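Take the sequence shown: its letters are residues 1 to 134, numbered as in full-length UniProt numbering. Virtual Cβ for every residue (Gly too), placed ideally from N, Cα, C. Note that this is a predicted model, so its numbers are computed, not measured.
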Amino acid sequence: MEFESLKVGMSECIGKTISEADILSFAGVSLDVNPLHLNEEYAKTTIFKGRIAHGIIGAGLISAVIGTKLPGEGTIYLSQNLNFLSPVKIGDTITAKVEILELNQEKKKVVLKTTCTNQDGILVIDGEAKVLKK
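Here it is as structure tokens:
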């Protein structure tokens, strides 16, 4: 999508059910082998009472929306802030949503509201991204 086609308020989503394989694959790629993500016995002793997914997996879904749907192909990330509000467990279905908040025509910059919710509608990630779009 070209910059000129973008409008404030436009939004797009992508959803994914988080699996054991997703967590193991992410641990392998990122080297984040925190037992909170990988060891059920350890995770039971934490405030979460069980394993949780890496928060950045949800952030990756936000990146997928930005790079493939809105603003889409060719978008360049400039910044992203994230607030992790609730845990994501194996089997949760996460929906990442990106909404255009601001457009800077001169610089071709876009400010986006970025969120992830689970299957119960609970907000698990809230943030804002700034991107560059030709």
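By the CB criterion at 8 angstroms, Val-110 and Glu-128 fall outside the cutoff.
Exposure of Ser-79 is indicated by the presence of fewer than 16 other C-beta atoms within 10 angstroms of its C-beta. Under the DSSP definition of a beta bridge, Phe-84 partners with Ile-125.
Assignment of beta-bridge partners to Val-131 by DSSP yields Tyr-77, Val-110. Using a Cβ distance threshold of 8 angstroms, Ile-66 and Tyr-77 count as a contacting pair. By a beta-carbon distance limit of 8 angstroms, Leu-85 contacts Leu-123. Their separation comes to about 5 angstroms. Going by C-alpha positions, Glu-41 is about 24 angstroms away from Asn-118. Between the alpha carbons of Leu-101 and Thr-114 lies a gap of roughly 10 angstroms. For Ala-59, no beta strand (DSSP E) encloses it; the enclosing alpha helix (DSSP H) starts and ends at 55-68.
In the three-state reduction of the DSSP assignment, Ser-11 falls in the strand class, which pools E and B. Its chain contains Glu-99, Ile-100 as the residues whose beta carbon lies nearer than 8 angstroms to that of Gly-9, once the 5 sequence neighbours on both sides are disregarded; these appear in chain order. For Ile-23, the uninterrupted alpha helix (DSSP H) run begins and ends at 20-30, by DSSP. Classified as exposed, Gly-50 has fewer than 16 neighbouring CB atoms from the shown chains inside 10 Å of its CB.
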